[in-house]
Every structure is written in C-alpha cells, then in structure tokens.
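2 protein chains.
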Amino acid sequence: MGHDKAEPADRSSPVNAGRPPSRPTMNDVAARAGVGLSTVSRVVSGDTRVSEARSALVRQAIRELGFRRNDSARQLRRGATESIGLVIEDVVDPFFSHLAQAVEEVAFARNSLLLTSSSTRDAQRTRRIVLEFCARRVDGLIITPSESDEAEYLREELDAGVPMVFVDRPPPGGIDADSVLTDDFGGARSGVEHLIAHGHRRIACFSDRDSLYSASERVRGYRHALEVAGITVDPTLIHSATPESEGFARALARMLAGAEPPTAVFAANNRSTIVLLRELVRHEMRPALVGFDDFELADAMSPGVTVVAQFPGEIGRIAAEQLFRRIDGARGPSHLTSLRTRLIVRGSGEVPPAT
Amino acid sequence: MGHDKAEPADRSSPVNAGRPPSRPTMNDVAARAGVGLSTVSRVVSGDTRVSEARSALVRQAIRELGFRRNDSARQLRRGATESIGLVIEDVVDPFFSHLAQAVEEVAFARNSLLLTSSSTRDAQRTRRIVLEFCARRVDGLIITPSESDEAEYLREELDAGVPMVFVDRPPPGGIDADSVLTDDFGGARSGVEHLIAHGHRRIACFSDRDSLYSASERVRGYRHALEVAGITVDPTLIHSATPESEGFARALARMLAGAEPPTAVFAANNRSTIVLLRELVRHEMRPALVGFDDFELADAMSPGVTVVAQFPGEIGRIAAEQLFRRIDGARGPSHLTSLRTRLIVRGSGEVPPAT
DNA sequence: ATGAAAGCGCTAACAT
DNA sequence: ATGTTAGCGCTTTCAT
Numbered sequence: 067m068g069h070d071k072a073e074p075a076d077r078s079s080p081v082n083a084g085r086p087p088s089r090p091t092m093n094d095v096a097a098r099a100g101v102g103l104s105t106v107s108r109v110v111s112g113d114t115r116v117s118e119a120r121s122a123l124v125r126q127a128i129r130e131l132g133f134r135r136n137d138s139a140r141q142l143r144r145g146a147t148e149s150i151g152l153v154i155e156d157v158v159d160p161f162f163s164h165l166a167q168a169v170e171e172v173a174f175a176r177n178s179l180l181l182t183s184s185s186t187r188d189a190q191r192t193r194r195i196v197l198e199f200c201a202r203r204v205d206g207l208i209i210t211p212s213e214s215d216e217a218e219y220l221r222e223e224l225d226a227g228v229p230m231v232f233v234d235r236p237p238p239g240g241i242d243a244d245s246v247l248t249d250d251f252g253g254a255r256s257g258v259e260h261l262i263a264h265g266h267r268r269i270a271c272f273s274d275r276d277s278l279y280s281a282s283e284r285v286r287g288y289r290h291a292l293e294v295a296g297i298t299v300d301p302t303l304i305h306s307a308t309p310e311s312e313g314f315a316r317a318l319a320r321m322l323a324g325a326e327p328p329t330a331v332f333a334a335n336n337r338s339t340i341v342l343l344r345e346l347v348r349h350e351m352r353p354a355l356v357g358f359d360d361f362e363l364a365d366a367m368s369p370g371v372t373v374v375a376q377f378p379g380e381i382g383r384i385a386a387e388q389l390f391r392r393i394d395g396a397r398g399p400s401h402l403t404s405l406r407t408r409l410i411v412r413g414s415g416e417v418p419p420a421t
Numbered sequence: 067m068g069h070d071k072a073e074p075a076d077r078s079s080p081v082n083a084g085r086p087p088s089r090p091t092m093n094d095v096a097a098r099a100g101v102g103l104s105t106v107s108r109v110v111s112g113d114t115r116v117s118e119a120r121s122a123l124v125r126q127a128i129r130e131l132g133f134r135r136n137d138s139a140r141q142l143r144r145g146a147t148e149s150i151g152l153v154i155e156d157v158v159d160p161f162f163s164h165l166a167q168a169v170e171e172v173a174f175a176r177n178s179l180l181l182t183s184s185s186t187r188d189a190q191r192t193r194r195i196v197l198e199f200c201a202r203r204v205d206g207l208i209i210t211p212s213e214s215d216e217a218e219y220l221r222e223e224l225d226a227g228v229p230m231v232f233v234d235r236p237p238p239g240g241i242d243a244d245s246v247l248t249d250d251f252g253g254a255r256s257g258v259e260h261l262i263a264h265g266h267r268r269i270a271c272f273s274d275r276d277s278l279y280s281a282s283e284r285v286r287g288y289r290h291a292l293e294v295a296g297i298t299v300d301p302t303l304i305h306s307a308t309p310e311s312e313g314f315a316r317a318l319a320r321m322l323a324g325a326e327p328p329t330a331v332f333a334a335n336n337r338s339t340i341v342l343l344r345e346l347v348r349h350e351m352r353p354a355l356v357g358f359d360d361f362e363l364a365d366a367m368s369p370g371v372t373v374v375a376q377f378p379g380e381i382g383r384i385a386a387e388q389l390f391r392r393i394d395g396a397r398g399p400s401h402l403t404s405l406r407t408r409l410i411v412r413g414s415g416e417v418p419p420a421t
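Residue numbers (the numbering used here), protein chains in the order written: chain A, 67 to 421; chain Y, 67 to 421.
Below you can see the structure in the form of structure tokens.
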C-alpha cells in the first residue's frame with residue numbers, strides 16, 4: 067500500500083523514463099484524497115466553502131502528488147487569461163526597460179502575467195507579436211506602434227474586444243484608442259530655448275528618422291523655439307536618421323568642420339545623446355549640449371549633461387492602469403495622456419558659445 | 067442574406083453591446099465555410115492535405131469572421147505551450163536586459179514565446195513567478211536564482227519534468243541542472259592584477275552582499291590577486307553591500323579620508339561602478355578604477371573606464387540554446403558553462419598611484 | 001481528401 | 001458542504 071493509487075499508467079514507468087511525465091490532474095488529486103473533483107477545484111481556487119477536514123485532505127494529496135493547476139485548462143474554461151501583452155521596441159533601451167518595469171509592477175499587483183516582446187522597430191515583427199498575443203487571448207495590450215504599422219489588423223483586434231493602450235506614439239492609422247505620450251514638442255522646445263537663453267544661435271539638432279512620431283515632434287519643437295527667438299532655421303544643422311547609422315558621426319564632423327560651426331547641440335533622443343557624447347570626446351570638442359531623455363551617469367560626466375527628462379516609468383504605470391480600467395469594463399471615450407518633461411540642468415547645457 | 071449565419075447568439079447583440087464579444091471559434095468558421103471542423107483545423111495548422119478549393123473557402127471565412135485560433139485550447143489539447151519562462155532580477159539592469167534580449171532572439175527564432183519576469187531579488191517573488199510559469203505549463207525555464215532560494219520547489223518542478231537552466235549563479239541547493247555562468251573569480255582576479263601591475267598596493271573593493279554567489283566569487287578573486295602579489299588584504303578596504311544602500315557612499319568617504327587611503331578601486335559590479343563614479347566626481351577624486359561588467363558610455367567618461375567585460379548576451383544565448391536542447395529531449399548529464407571575461411583598457415585603470 | 005467523435009483539465013451550474 | 005455533469009475550443013485518431 068501507499069503508492070498503488072490512481073496514477074496514470076505512463077507515469078514514472080521504466081519504459082517511459084525521462085519522457086515528459088504528464089503531470090497529475092485535479093482528478094488524480096480527487097482520487098487520492100478520496101473526494102470529489104469540485105472539492106479539489108474549490109480548495110485550489112481558495113473557495114472557503116469547504117470543510118477544514120476535507121480541505122486538509124486535499125492539500126495533503128496536492129503536496130504528495132506535486133500537483134499544479136493547469137492554467138491552459140483554466141483559461142479555456144474561464145475565457146480570461148489574467149495576462150496582458152506589452153510590445154516595446156527594444157528591452158535594452160533604458161527608456162523601454164523602465165517602461166516595462168513599471169507595467170510589470172502594475173500587472174504583478176493585479177496578479178496578471180506580463181508578456182513582453184521587442185519589435186526591434188520592425189512592423190512585420192510587431193504584427194506577428196500582436197497576433198501571437200491575441201491568439202493567447204491576453205486580456206489587453208500595450209503597444210509601441212512601429213513607424214509603418216498598417217493599422218488594419220490592430221483595428222480588427224480592437225473591434226474583436228481586445229483593449230489596447232498605445233504608448234510613446236499615438237495610435238496608428240487614426241485608430242480610436244487610449245494613448246500615453248510624452249509632450250515631445252514642448253520638451254524639445256524647452257531644451258532648445260534653454261540653449262538660446264545661454265546665448266547660442268547656431269544650434270545643431272540630431273534626431274531620428276522623421277517618420278517616427280516622437281522624432282518629428284521634437285524637430286518641430288526645435289524649429290519652433292528657433293523661430294520664436296527670431297533665429298533662421300538652418301537645415302544643414304539638422305540631421306534626422308537612426309543614431310546607430312554611419313552617417314551620424316559623419317554629419318557631426320561635417321557640421322563641426324563647416325564655415326559656421328554650431329556652438330551648441332540638441333540631441334533629440336537618448337541614443338543620439340550617447341553617440342554624440344562619444345564622438346565629441348573623440349574630437350575633443352565641447353559645444354554646449356542638451357539631450358532629450360535622461361540617462362544614467364548623465365551626472366557623472368564632465369560636465370554633467372543637461373537633459374530634458376521624460377518619465378518612462380510614469381508612462382508605463384499610467385498606460386497599465388488605464389488598460390486595466392478598460393479590462394475591468396470601463397467604456398468611456400478614449401483618453402490621450404500627455405506627460406510634461408522636466409529640464410535638468412547639469413552643466414553641459416550652460417556652456418557659453420565659443421567666442 | 068449575408069449575415070444570418072451561425073453566429074453564437076450573444077455576439078454583437080444590442081443587449082450585449084460592448085461586452086467582451088466572445089470571438090468566433092473553429093466551429094463558426096466551419097459552419098460559415100460549409101466544411102467540417104477538422105478541415106478548418108488542418109488549414110489553420112498548415113496541414114497540406116486539404117484541397118485548394120476548400121482551403122480557400124476556409125481562409126475566406128476566417129477573414130470574414132476575424133477568427134484567431136485560441137491557443138489556450140490548443141495548448142490544453144497538445145500538452146505543450148511553445149513558451150519558455152525567464153526569471154531575471156531586474157529588467158532595468160543592462161546586464162539582465164542584454165541577457166533577456168538574447169534569450170528572446172533564440173525563442174523567437176524557435177517560434178516560442180518568452181515570458182519574462184523580474185524577481186527584484188526577492189526569493190518569495192521568484193518562487194511565485196516560477197510556480198506561475200509552471201502553472202502555465204511553460205516548456206522550460208531559465209532562472210537567475212535569488213540568493214536565498216530554498217530549492218525544494220525548484221527540485222519538485224524539475225522532477226516533474228520541467229527543463230531548467232540557471233544563469234549567472236549556479237543551481238541552488240545542489241540541484242543537478244544546467245547552468246551558464248561568468249568566470250567571476252578569474253575576471254575579478256585579472257582586473258585586480260591589472261591595477262597591481264600599474265603599481266597599486268592599496269586597492270579598495272566594492273562588491274555586493276556576500277550571500278550572492280557572483281559577489282563572493284569576485285571578492286575571492288580580488289583577495290587571490292592580492293595574495294599572489296604578496297599584498298596583505300586589508301579588510302577595511304572591502305565593502306560588501308547592495309550598491310544602492312546608504313552605506314556605500316559613506317564607506318567610500320571613510321576610506322578616502324583614512325590614514326592610508328586606497329590609490330585604486332575595484333568595483334565588482336556595474337551598479338557599484340556607477341555609484342562610485344558618481345561619488346568620485348562629487349568628491350573630485352580620481353583614484354584608479356577598474357569595474358566589473360562593461361557599460362554604455364564607459365568610453366565617453368574622462369578618463370574612459372577600464373572594465374572587466376562579461377557577456378550577458380552570450381550567457382542568454384547559450385542558456386536558451388541549451389534549454390531548447392533539453393526541451394527537444396536531450397538527456398545527457400547537466401552542463402556547466404563558464405564564460406571568460408575580457409579586460410578592456412580605457413584609461414581609468416592605468417592611472418598611477420598618487421605619490 | 002474529409003468528417004465525426006473523443007477528450008485534454010479545468011470551472012461553474014446544478015443537484016443533493 | 002459536497003458531488004455530478006456539461007462544456008470551454010481545440011487536435012487527433014479513426015472511419016469513410
């Protein structure tokens with residue numbers, strides 16, 4: 067006696083040794099504990115309407131068998147997965163990892179599992195990830211849309227009842243959904259105004275591809291600040307391309323070697339800032355610099371780097387909370403949340419123009 | 067005609083407007099296409115043994131209905147989820163985000179979904195995440211064990227047939243499983259030897275809590291390097307605590323203000339390096355510095371920061387590949403993979419001792 | 001090539 | 001308080 071129980075025949079039999087030993091089910095537990103199936107279900111689900119005696123019996127059997135509820139079955143039956151999906155561009159980018167961290171905290175507190183995947187800025191990949199998440203029947207989605215997202219499949223899923231919140235960029239293709247964004251225009255404007263206030267008139271701008279919402283907004287803010295100050299925008303001082311690309315360093319070198327080199331640089335995103343910092347060290351040049359998006363060690367550089375800080379953690383937290391509100395059934399019109407930036411003065415933005 | 071099909075009664079009915087409109091199933095598709103259920107299943111699963119005519123019919127119906135296969139049902143039936151779980155400490159830490167990125171790439175290439183959660187170095191949370199992943203029946207797990215992991219539940223899951231690979235630290239509690247680690251001892255030793263070679267004899271060491279495997283290994287490497295060089299280890303020059311803690315900056319200040327201040331500092335992890343860099347800038351002190359683990363902008367500091375680089379991406383890639391080998395049925399004895407570090411010389415480690 | 005039917009492991013009525 | 005039963009939506013024999 068002791069182990070001649072209702073074990074499925076294939077478990078730990080020599081012939082089957084080492085094969086995926088299909089795990090015990092609630093039925094196995096019920097048999098072992100000598101109770102009904104639903105009693106087991108109740109105990110596992112924390113339903114209180116079970117006598118202490120039977121409950122103990124069940125818990126005992128669970129322990130002996132190493133039972134773990136199969137969530138696939140639970141999800142199928144209940145029609146909800148208690149999970150949400152997050153599509154970001156790149157986990158390695160601190161902006162997105164902070165965003166993801168905040169979303170994870172909210173999800174964790176709600177007992178929801180977070181599925182995160184990186185689109186690597188590839189619209190095809192974004193699409194594949196979103197559809198995969200939907201096939202897994204996530205309760206909702208938080209998405210950083212890729213620049214060229216054709217919105218059709220998103221709209222379909224939205225119509226099918228999957229709540230979505232878009233972050234860092236507005237919903238693509240005029241989709242009507244919640245979104246949480248940084249005030250890119252205002253932030254860029256304030257950063258450039260800061261440089262102007264310190265006497266600069268030749269200010270270069272290094273952004274990202276113009277097809278990216280945030281990139282183009284920031285360039286717009288840059289232009290606006292100049293115009294308001296009565297400074298003519300010089301297009302040769304604007305470089306819009308992926309910071310990782312070859313041309314970036316070359317564009318900088320060209321500007322610095324020009325007839326009227328810029329005395330200040332506005333780096334419109336964290337990767338631009340880093341590339342520029344590296345290049346400026348190499349060239350031993352020290353123009354004034356303001357970066358968009360704060361970064362670790364900005365205060366340990368010499369001089370410290372003045373930045374327009376945005377708040378990725380806040381974006382993530384607000385987006386997740388809004389998403390759960392929708393999941394809980396909130397029906398109102400879609401929200402657009404725009405987050406103010408904050409200028410953090412550290413030294414690099416206050417360097418006066420070289421005379 | 068046109069929409070009087072076999073729709074479940076509750077879909078898009080006025081009374082139910084806006085409620086989770088339960089999505090169409092394969093049955094709905096079959097009815098609409100006028101074919102059998104299994105034909106739909108075959109088409110969706112890419113089974114070729116379906117006539118082109120019927121296949122087209124099915125795909126048409128799928129499009130019209132916006133059908134997406136319910137993976138919960140599929141998983142339940144098939145007994146596999148095509149997903150793996152990854153438990154890291156903190157997504158925001160570049161070490162872990164690079165690790166996660168590499169795992170994601172391998173999983174993506176295998177059509178497996180990656181579930182990532184952060185333990186925040188909390189053993190309870192680690193446990194909850196692991197059990198959650200197991201309830202979802204992930205095909206396998208990659209785990210950074212928390213320092214105080216009691217290994218029992220891990221062993222149980224392992225015995226239940228869940229493949230596991232441990233990263234950055236060996237399997238806890240003598241569990242017999244694959245692992246992928248950095249050569250922490252050797253790396254620390256080489257970093258400290260580099261400082262010694264540049265004439266330093268008073269070398270401080272800032273590590274993490276000693277209960278962390280990698281932290282204690284690195285301190286061991288530090289001690290070993292000193293001993294081999296015939297330098298007496300001064301315990302007042304060793305600080306082992308979470309870099310985020312209050313005491314860290316104070317410990318540094320105390321050492322620098324001491325009778326025989328260190329002329330060099332060994333920072334045993336990336337967060338220590340960053341905290342130290344910040345503090346040294348504040349104090350305007352420039353002792354020689356070697357950090358363990360490379361970081362962005364290490365080359366843009368002045369001087370550039372010399373580091374013992376480890377390769378989190380490699381760790382992640384190797385761990386994921388090993389995991390999938392196990393998932394595919396590989397049965398051999400467990401592997402321990404140890405990755406060499408590389409010293410990257412940038413300036414801060416070559417500062418001579420102050421005279 | 002196609003369809004009918006069984007059943008994966010669970011939850012939620014519905015009995016008792 | 002407890003047990004019985006009917007599915008959730010899919011895959012997979014097994015017939016045809």
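A virtual CB, placed ideally from N, CA and C, is assigned to each residue, including glycine.
Checklist entry - What are the boundary residues of the alpha helix (DSSP H) that Y/Val196 is part of? => result 189 to 201
Item to check | As assigned by DSSP and simplified to three states, the class of A/Ala72 | outcome: The predicted position of A/Ala72 is uncertain, since its pLDDT is 34 and thus under 50; a value taken from the coordinates is nonetheless stated next. In this structure, A/Ala72 counts as coil in the three-state DSSP scheme.
Checklist entry - So which residues of chain Y does A/Met367 contact, with C-beta pairs closer than 9 angstroms? => result Val347, Leu363, Ala366, Met367, Ser368
Next on the checklist: Using a Cβ-Cβ cutoff of less than 7 angstroms, which residues in the same chain neighbour A/Val109 once the five nearest sequence positions on both sides are dropped?
Outcome noted: Val116, Ser121, Val124, Arg125
Next on the checklist: Check for me: the alpha helix (DSSP H) holding Y/Gly253 runs from which residue to which?
Outcome noted: 250 to 263
Next on the checklist: Can you give me the C-alpha to C-alpha distance between Y/Arg267 and Y/Val157, rounded to a whole angstrom?
Outcome noted: 37 angstroms
Next on the checklist: What does DSSP give as the partner residue(s) for A/Ser184 in the beta ladder?
Outcome noted: A/Ile154
Next on the checklist: If contacts are defined as beta-carbon pairs under 8 angstroms, then A/Phe332 and A/Gly382 qualify, I think. What distance do you get, rounded to the angstrom?
Outcome noted: Not quite, the Cβ-Cβ distance comes to about 26 angstroms (not below 8 angstroms), so this is no contact.
Checklist entry - For chain Y, is any of its Cβ atoms less than 8 angstroms away from the one on A/Ser184? => result yes
Next on the checklist: Under 8 angstroms: do the region 161 to 168 of chain A and the region 286 to 298 of chain A share three or more Cβ pairs, one atom per stretch?
Outcome noted: no
Checklist entry - Could you check where the alpha helix (DSSP H) with A/Ala119 kicks off and where it finishes? => result 118 to 131
Checklist entry - Under the three-state reduction of DSSP, which class applies to Y/Arg344: helix, strand or coil? => result helix
Checklist entry - When you compare only the Cα positions, how much space is there between A/Phe314 and A/Ser212? => result 22 angstroms
Checklist entry - Which parts of the region 285 to 320 of chain A are runs of the beta strand (DSSP E), unbroken and 3 residues or longer, counting only runs that do not cross its ends? => result 304 to 306
Checklist entry - Where do the N-terminal and C-terminal ends of the beta strand (DSSP E) with A/Val231 fall, by residue? => result 230 to 233
Next on the checklist: Could you give the first and the last residue of the continuous alpha helix (DSSP H) run that contains Y/Arg221?
Outcome noted: 218 to 225
Checklist entry - Of all Cβ atoms in chain Y, is any one closer than 8 angstroms to the Cβ of A/Thr147? => result yes
Item to check | Whole-Å CB distance - A/Asp274 paired with A/Ala334, under 8 angstroms assumed | outcome: 7 angstroms
Next on the checklist: Which residue wins for smallest C-alpha separation from Y/Val374, given the options Y/Glu350, Y/Ser414, Y/Val204?
Outcome noted: Y/Ser414
Checklist entry - Hey, how far is the Cα of Y/Ala196 from the Cα of A/Pro90? => result The amino acid occupying residue 196 of chain Y in the given sequence is Val; Ala does not appear at that position. In a straight line, the C-alpha of Y/Val196 is about 18 angstroms away from that of A/Pro90.
Checklist entry - Interface residues of chain A around Y/Glu198 at Cβ under 7 angstroms? => result Leu179
Checklist entry - Along chain A, which residues have their Cβ under 7 angstroms away from the Cβ of Y/Gly132? => result Glu222, Ala226
Checklist entry - If we ignore side chains and look at the alpha-carbon of each, how far apart do A/Ala83 and Y/Leu402 end up? => result At A/Ala83, the pLDDT of 33 sits below 50, so the modelled position is not reliable and the matter cannot be decided from this model.
Next on the checklist: So A/Gln141 contacts chain Y; which residues on that side make the cut at Cβ distance below 7 angstroms?
Outcome noted: Ser138
Checklist entry - Does the region 302 to 311 of chain A come close enough to the region 336 to 344 of chain A to have 3 or more Cβ pairs within less than 8 angstroms? => result yes
Item to check | Residue closest to Y/Ala366, alpha-carbon to alpha-carbon, out of A/Leu224, A/Val347, A/Gly102 | outcome: A/Val347
Next on the checklist: Starting from Y/Ser104, trace the alpha helix (DSSP H) in both directions and tell me its first and last residue.
Outcome noted: 103 to 110
Next on the checklist: I want to check one thing, is the minimum distance from the CB of Y/Glu310 to the heavy atoms of the ligand PLP below 7 angstroms?
Outcome noted: Looking at this structure, you won't find the ligand PLP or any other ligand, since it has none at all.
Checklist entry - Looking only at its own chain, which residues have a Cβ that is under 8 angstroms from the Cβ of Y/Val204, when we skip the five neighbours before and after it? => result Thr147, Ser149, Ile150, Gly151, Leu181, Val228
Checklist entry - Taking the alpha-carbon positions, what's the Y/Thr407 to Y/Val246 distance? => result 13 angstroms
Item to check | Neighbouring residues, chain Y, relative to A/Ser163 (Cβ below 8 angstroms) | outcome: Val157, Val158, Ser163
Checklist entry - Buried or exposed: which applies to Y/Asp234, given that a residue is buried once 16 or more other Cβ atoms fall within 10 Å of its Cβ? => result buried
Checklist entry - Under a CB-based cut-off of 8 angstroms, is A/Arg125 close to chain Y? => result no
Checklist entry - My guess is that Y/Asp137 and A/Arg202 are in contact by the Cβ rule of under 8 angstroms, so how many angstroms apart are they, rounded? => result 5 angstroms
Checklist entry - In angstroms, rounded to a whole number, what distance separates the CA positions of A/Ala356 and A/His264? => result Ala is not the amino acid found at residue 356 of chain A; the sequence shown has Val there. Their Cα atoms are separated by approximately 12 angstroms.
Checklist entry - A/Ile340 touches chain Y at which residues, Cβ-Cβ below 8 angstroms? => result Glu362, Leu363, Ala366
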